[in-house]
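Engineer: Be aware that the sequence shown starts at -17, since it is given in my numbering, and climbs by one per residue. What follows is a single structure, and I will ask about it in a moment.
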Amino acid sequence: MCNRANHKKNFWGHCVGALCTALLLSGAALAGVPGTLLVTPFLSAPFPHPARAEGHKYHTNFFSAAEHYSDSTVAIFIPAGFRATEALDCVVHFHGWNHDVAGVLPEYQLCEQLAASGKNAILIVPQGPYKALDSFGGKLEDTNGFKLFMAEALEKIRARGGLARTNFSLGRVILSGHSGGYHVMAAILDHGGLAEHIREAWLFDALYGNVENFVAWQKNQNGRLLNIYTDHGGTREVTEQLMTSYRTNGVSFLALEEKDLAAGAGLPPGRILFLHTDLTHNEVIFRRGEFSRFLQSSCLQSP
């Protein structure tokens, strides 16, 4: 009886939490952001996942499955003026440690920056580990997990209605990740099932490891790799090691100081770009509108 009662308590707690997330996000969407925000559970969402069925321990911190690995929420933002073509372009963003979807959208102004960029793309933000110290991407790290996820995303968008056409397929995909979001991105690039669709990968102070996955994808798919890094976010050493490796092997890349870029200016062309910034770890996405700057210089089209 006690186990069943606890299960019911956790189930209803999860339902209430998901409802609160939806209300918070809907409220944000009504606060003047031009576009439509959908908040819905996905069967193919990162969690729940068997690898976190017993929760997760990081040093002395324990994160239970019920509280941190049961939320299947995915947010989908369709900017005003979006034009549905035969292939839908998408930007999929992965949050870092101690975050949740309801928090990262307003904190990092992701919807606002997509709208401001004028690009004809849809933003998708899945819930990763809920406010946990964990980089695991759940089902999106499974083989072909990302392929299943994006297929479900297109079905959700079709079912929502409101677009001029529904006979669209998946177009170009950009992966974007902040901090611990790098881990699921690396798995997706390696065995997610859609490497040929992924044109760009953006790391917002996020290159902590799995460097070989990013390097192999960039080389094999001729993808565009953008990496903005800070002095104290823990990514500088790995980034500098990668730049040294590229120099040694004669691989061309650009290395710039972010503060030297003119406000509102785009990024220079190039397949591999390292951008050093004086911003803090949590400022790199929004403080100078870098998410929008990346969007403006991307392969995405305007409506």
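Note that the Cβ used here is the ideal one computed from N, Cα and C, for glycine as well.
#1: As a quick exercise: from A169, F76 and F128, pick the residue whose alpha carbon is nearest that of L152.
#2: List, from N- to C-terminal side, the alpha helix (DSSP H) runs of 4 residues or more that fit wholly inside the segment 154 to 178.
#3: With 16 other CB atoms within 10 Å as the buried threshold, where does L87 fall?
#4: Give every residue of the same chain whose Cβ lies closer than 6 Å to the Cβ of H173, excluding the five residues on either side of it in the sequence, and list them in chain order.
#5: Given D82, which residues of its chain have a CB within under 6 Å of its CB, disregarding the five upstream and five downstream residues?
#6: Given this structure, state the Cα-to-Cα distance separating V56 from E182, to the nearest angstrom.
#7: Using DSSP with H/G/I as helix, E/B as strand and the rest coil, what is P28?
#8: Report the residue from T226, V193 and E178 whose alpha carbon sits nearest the alpha carbon of Q203.
#9: For L255, collect the residues of the same chain with a Cβ closer than 6 Å to its Cβ; drop the 5 residues on either side in sequence, then sort them by chain order.
#10: Tell me where the beta strand (DSSP E) around N43 begins and ends.
#11: Once DSSP output is grouped into helix, strand and coil, what is the label at Y40?
#12: What span of residues does the alpha helix (DSSP H) with L291 cover, start to end?
#13: Alpha carbons only, please: which of P251, H258, S161 and L257 is nearest the one belonging to Q278?
#14: Can you give the Cα-Cα distance for F59 and L122, rounded to whole angstroms?
#15: Determine the burial state of R147: buried for a count of at least 16 other Cβ atoms within 10 Å of its Cβ, exposed for fewer.
#16: Where R206 and R253 are concerned, what is the direct C-alpha to C-alpha distance, given to the nearest angstrom?
#17: Given this structure, state the Cα-to-Cα distance separating K39 from N80, to the nearest angstrom.
#18: Between which residues of its own chain and F196 is the CB-CB distance below 7 Å, once the five residues before and five after are set aside?
#19: Can you list, in chain order, the stretches of the alpha helix (DSSP H) that have 4 or more residues and sit fully within the segment 214 to 265?
#20: What did DSSP end up calling N209 once you bin it into helix, strand or coil?
#21: To test your reading of the DSSP string, which unbroken beta strand (DSSP E) runs of 3 or more residues are found completely within the segment 95 to 122?
#22: According to DSSP, is V56 helix, strand or coil?
#23: Quick one: what's T18 bridged to in DSSP?
#24: Output needed for P28: all residues of its chain with C-beta closer than 6 Å, excluding positions within five of it in sequence on either side, in chain order.
#25: Does A35 come out as helix, strand or coil in the three-state DSSP assignment?
#26: With the cut-off set at 8 Å, would you say S74 and V155 are in Cβ contact?
#27: Please classify F131: does DSSP put it in a helix, a strand, or coil?
#28: Using C-beta distances below 7 Å, list every residue in its chain close to A66, excluding the 5 sequence neighbours before and after it, in chain order.
#29: Going by CA-CA distance only, name the one from E240, G100, S274 and G246 that's closest to S158.
Structural biologist: Short version:
#1: Working through the sequence shown from its first residue, we reach residue 152 at position 170. Among A169, F76 and F128, the Cα nearest to that of L152 belongs to F128.
#2: 164 to 173
#3: Along the sequence shown, one-based indexing puts residue 87 at 105. Its Cβ being crowded by 16 or more others within 10 Å, L87 is buried.
#4: Taking the first residue of the sequence shown as 1, we reach residue 173 at position 191. Taken in chain order, the residues that qualify are T125.
#5: Locating residue 82 in the sequence shown gives position 100, counting from the first residue. Closer than 6 Å at Cβ, skipping near neighbours: Y112 and K113.
#6: On the sequence shown, position 74 is the one that residue 56 refers to. On the sequence shown, position 200 is the one that residue 182 refers to. Approximately 21 Å between the Cα atoms of the pair.
#7: Along the sequence shown, one-based indexing puts residue 28 at 46. Residue state, collapsed to three classes: coil.
#8: As a working mapping, residue 203 is identified with position 221 in the sequence shown. Of the candidates T226, V193 and E178, the one whose C-alpha sits nearest the C-alpha of Q203 is E178.
#9: Taking the first residue of the sequence shown as 1, we reach residue 255 at position 273. Apart from the 5 residues on each side of it in sequence, L255 sits with its Cβ closer than 6 Å to the Cβ of L208 and L236 in its chain, given in chain order.
#10: Mapped onto the sequence shown, residue 43 falls at position 61. First-last of the beta strand (DSSP E) with N43: N43 to F45.
#11: Counted from its first residue, the sequence shown places residue 40 at position 58. Looking at Y40 - three-state DSSP - the assignment turns out to be strand.
#12: Here the chain covers residues -17 to 285 and nothing more, so residue 291 does not appear.
#13: The count along the sequence shown starts at 1 and reaches residue 278 at position 296. Ranked by Cα distance from Q278, the options P251, H258, S161 and L257 are led by P251.
#14: By 1-based counting over the sequence shown, the position of residue 59 is 77. By 1-based counting over the sequence shown, the position of residue 122 is 140. So the two alpha carbons sit approximately 20 Å from each other.
#15: Translated into positions along the sequence shown, residue 147 becomes position 165. Exposed, since its Cβ has fewer than 16 Cβ neighbours within 10 Å.
#16: As a first step, residue 206 is located in the sequence shown; it is residue number 224 there, counting from the start. As a first step, residue 253 is located in the sequence shown; it is residue number 271 there, counting from the start. Taking the straight line from one Cα to the other gives about 4 Å.
#17: As a first step, residue 39 must be located in the sequence shown, where it is residue number 57. As a first step, residue 80 must be located in the sequence shown, where it is residue number 98. Rounded to the nearest angstrom, the two C-alpha atoms are 14 Å apart.
#18: Indexing the sequence shown from 1 puts residue 196 at position 214. For F196, where only same-chain residues beyond five positions count, the Cβ hits under 7 Å are A168, L171, A183 and L207.
#19: 218 to 230
#20: Counting from one through the sequence shown, the residue named residue 209 turns up at place 227. Strand at N209.
#21: Segments of the beta strand (DSSP E) lying fully in the segment 95 to 122: 104 to 108.
#22: In the sequence shown, the residue the question calls residue 56 occupies position 74. Note: V56 maps to strand in three-state DSSP.
#23: Counting from one through the sequence shown, the residue named residue 18 turns up at place 36. Answer by DSSP bridge pairing, in chain order: I60.
#24: Residue mapping note: residue 28 aligns to position 46 of the sequence shown, counting from 1. Annotation for P28: P108, G110, G119, G120, K121 and L122 place their beta carbon closer than 6 Å to its own, counting only its chain and skipping 5 residues before and after.
#25: Taking the first residue of the sequence shown as position 1, residue 35 is located at position 53. Coil.
#26: Numbered from 1 along the sequence shown, position 92 holds the residue referred to as residue 74. Numbered from 1 along the sequence shown, position 173 holds the residue referred to as residue 155. Correcting the residue identity first, residue 74 is Val in this sequence and not Ser. Result yes, Cβ atoms of V74 and V155 sit closer than 8 Å.
#27: By 1-based counting over the sequence shown, the position of residue 131 is 149. Here F131 sits in helix by DSSP.
#28: Translated into positions along the sequence shown, residue 66 becomes position 84. Closer than 7 Å at Cβ, skipping near neighbours: L145, A146, R147 and F150.
#29: Along the sequence shown, one-based indexing puts residue 158 at 176. Of the candidates E240, G100, S274 and G246, the one whose C-alpha sits nearest the C-alpha of S158 is S274.
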